[in-house]
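Engineer:
Protein chains in written order, with our numbering: chain L, 1068 to 1144; chain R, 899 to 978.
(1) Taking the beta strand (DSSP E) that residue 925(R) falls in, what are its first and last residues?
(2) Taking any Cβ of chain A, which residues in the region 1108–1121 of chain L have a Cβ under 7 angstroms from it, in chain order?
(3) Which one of 904(R), 903(R) and 910(R) has the shortest CA to CA distance from residue 977(R)?
(4) Tell me, to the nearest whole angstrom, how far the beta carbon of residue 965(R) is from that of residue 942(R); I am working on the premise that it is less than 8 angstroms.
(5) Excluding five sequence neighbours on each side, which residues of the same chain lie with their C-beta closer than 8 angstroms to the C-beta of residue 899(R)?
(6) Taking only three categories from DSSP, how would you classify residue 1129(L)?
(7) According to DSSP, residue 940(R) sits in a beta bridge with which residue or residues?
(8) Just mark residue 920(R) as buried or exposed, buried being the case when its beta carbon has 16 or more other beta carbons within 10 Å.
(9) Would you tell me roughly how many angstroms separate the C-alpha atoms of residue 1081(L) and residue 960(R), rounded to the nearest one?
(10) So, residue 975(R) versus residue 908(R), is the Cβ gap smaller than 9 angstroms?
(11) At a Cβ threshold of 9 angstroms, is residue 1131(L) touching chain R?
(12) Within its chain, find whatever has a CB closer than 6 angstroms to the CB of residue 1130(L); leave out the 5 residues flanking it on each side and keep chain order.
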């Protein structure tokens, strides 16, 4: 059971709400920020988000909503 | 349960305010958010579209009074 809890993806996602994350999109752009909310489509809201491409910060956003279909992965930063 | 926060709430909170929408194909639209749905179909007024070409310094802009944006081309939405 505990093994299952460790690897259940939706539990992982609800556990990392509020923490600092990296969201990589299919177009190769990374977004870092604090994960505010996430839903089953992997729509994501980050606050204090930074857009990085090629390792450089391209743009700062206050809040940002990312449509789930573009998400490649979400990792804890 | 109904009070549980979900990502689309961020969009709801910014109805009637200006937002930046990043779209597929190196396009962006800024406009006043008149409406949206769960597909991220959006209706914007006073909209301005920016089309970025390969050389980043030349940007085409188009102004539109009212525009409907189909949700499947939306990448991100940010209040401005």
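Virtual Cβ for every residue (Gly too), placed ideally from N, Cα, C. Given the structure is predicted, the values throughout are model-derived calculations rather than measurements.
Structural biologist: Quick answer:
(1) Sequence index remark: in the second chain, residue 925(R) carries index 27 (1-based). Run containing residue 925(R): 925–934, per the beta strand (DSSP E) assignment.
(2) Looking at the structure shown, chain A is missing, and the protein chains on hand are L and R.
(3) The residue labelled residue 977(R) in the question sits at position 79 within the second chain. Checked all of 904(R), 903(R) and 910(R); the closest Cα to residue 977(R) is 910(R).
(4) Residue numbering aside, residue 965(R) sits at position 67 when the second chain is read from its first letter. Residue numbering aside, residue 942(R) sits at position 44 when the second chain is read from its first letter. Right, their Cβ atoms sit about 5 angstroms apart.
(5) Sequence index remark: in the second chain, residue 899(R) carries index 1 (1-based). At residue 899(R) the pLDDT is 47, less than 50, meaning the model places this residue with poor confidence and gives no usable figure here.
(6) On the first chain, position 62 is the one that residue 1129(L) refers to. In this structure, DSSP gives residue 1129(L) an extended state, which the three-state scheme calls strand.
(7) Here residue 940(R) is taken as the residue at index 42 of the second chain, counted from 1. 934(R) and 967(R).
(8) The residue you call residue 920(R) lines up with position 22 of the second chain. Taking every protein chain shown into account, the CB of residue 920(R) has 16 or more other CB atoms within 10 angstroms, so this residue is buried.
(9) On the first chain, residue 1081(L) is found 14 positions in, with the first residue counted as 1. On the second chain, residue 960(R) is found 62 positions in, with the first residue counted as 1. Taking the Cα positions, residue 1081(L) is about 40 angstroms away from residue 960(R).
(10) Numbered from its first residue, the second chain carries residue 975(R) at position 77. Numbered from its first residue, the second chain carries residue 908(R) at position 10. For residue 975(R) and residue 908(R), yes; Cβs fall inside 9 angstroms.
(11) Reading the first chain from its first residue, position 64 is the one you call residue 1131(L). At least one chain R Cβ lies under 9 angstroms of residue 1131(L).
(12) Position 63 of the first chain, counted from the first residue, corresponds to residue 1130(L). Taken in chain order, the residues that qualify are 1114.
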